[in-house]
Structures are given as C-alpha cells and as structure tokens.
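Here's the structure, in structure tokens; my notes come after.
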Amino acid sequence: MGELHVMDHPLVQHKVSVLRNKETGSKQFRELVEEIAMLMAYDATRDLPLEEIEVETPLGPAKTKVVAGKKLAVVPILRAGLGMVDGILSLVPSAKVGHIGLYRDPETKLPVEYYCKLPLDAEQRLTLVLDPMLATGGSAVDAISQLKKYGVENLKLLNIIAAPEGIEAVRKAHPDVDIYVAAVDERLNDHAYIVPGLGDAGDRLFGTK
C-alpha cells in the first residue's frame, strides 16, 4: 500500500515559503524548484537497494556499499515537471529521463496526452514522476497509468504542493504508489487551482502568462 509522505524538513518548508511569494521572480523560482526537488528525492530514494563492494583507500582495502543494479528514472509531466529534473540529476547524475506531455482541457478539466517517451529500461528502475502541483490529480493518475502500461511498476510521485482532492484521486486510482509532497494546501477553487498554492507553476518557471 502506497504512503503519503509530507516533507516537514525546515529547509524544504523555508524554500516553499519563498516559492509561494508572488514577488519571487522566474530565476529564483526555478532555482528553488530544483533545490526542493533535490531534497525531496533524497528522501524518496532512501530505500534504493545496496550491494557491498571492496575499494582500495590510501590506507588499504575497505568494504563499502553502492547502489545496486539500475538506479533511477525520472519522468517529468510536461511542462512544469521539467523544473524538477535538474535538481534530481544533481543528486543522481546517472538517472535516465523520460517525458510525458499532458495538458488540462479547460472545459472538461481532464488531462489530454500529447507525448510519451520513456527510457528503454524504465521498467527495471525506480521511476520518480514529477510535477510541482498536484491539483485535481488527473494528470498524475494518467501519467502513472501510462507508465504502468509500459511495464513500470516501481513508481513514486513527487509534488511540491498538493490539494487534498489530488491526493485522494491518486490514492484511489493507484493505491500502490507512494506520494511525496512538501505541502498539503486547503482546497481547489472553481478553476481547479490549488488555494493558496502559488499560481501557475509552469508560467512562473518559464516567465509565460
């Protein structure tokens, strides 16, 4: 059964506060998203399997541990999920990167897929699905469903800010997937935006309107 992990680390909470501020510009916003993603990935990867090896130190042999087998894949949900990728790659440079493109139909509020490209060996890796905002949960549910169709079973979802409605939707559709969030906000408004949230993450990342 998947679990909900709310990141209460002081550094994460501090950075999220700055992220929310409407005066925070795109450059700093991008940097903060990367930093938060890196801190979240540190926690989300704590159960990666290890194997013992022997290395030669300047003073002789040492038995030590390294990550075993295929390490990690990251799959951002386009476009806002792109902002989280570099933070995770700075932590795990050997990770493979896939992409899933979804947009939300303004009338139905449902996700529409327009792109999906995954690493060839994604099914052998722990795959982190990335999206700064978990609002209705529709995009996350659809992205995880697509990954499962390709045989990816070891999945975790990373979101910076989530609405209760989105968390519930993911847990109902994919009860086996762990969800990592930095903050759980009050609700969705009539336009399916998270309140208080931080506005449109994609627009704030890339300086668009």
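Numbered by this note's numbering, the letters in the sequence shown go through residues 1286 to 1494 in order.
All residues carry an ideal CB built from backbone N, CA and C; glycine is no exception.
- The DSSP-derived three-state label of V1455 is helix.
- Taking C1401 as the centre and dropping the five residues before and after it, the same chain places the C-beta of I1385, Q1431 closer than 6 angstroms to its C-beta, in chain order.
- Beyond the five residues adjoining it in sequence on each side, G1436 comes within less than 6 angstroms, by CB distance, of E1408 in the same chain, given in chain order.
- Note: V1382 is bridge-paired with V1359 in the DSSP secondary-structure output.
- In summary, P1396 is buried, with 16 or more beta-carbon neighbours lying within 10 Å of its beta-carbon over all protein chains present.
- Counting along the chain, H1290 sits inside no alpha helix (DSSP H); it lies in the beta strand (DSSP E) bounded by residues 1289 to 1291.
- Residue state for P1449 is assigned as helix, using DSSP reduced to three classes.
- DSSP, reduced to helix, strand and coil, places R1389 within a strand of the structure shown.
- The beta carbon of N1474 lies closer than 8 angstroms to those of V1480 in the same chain, with the five residues before and after it left out.
- R1410 is classed as buried because its beta carbon has at least 16 other beta carbons within 10 Å across all chains shown.
- The beta-carbon separation of I1362 and I1445, rounded to 13 angstroms, does not stay under the 8 angstroms limit for a contact.
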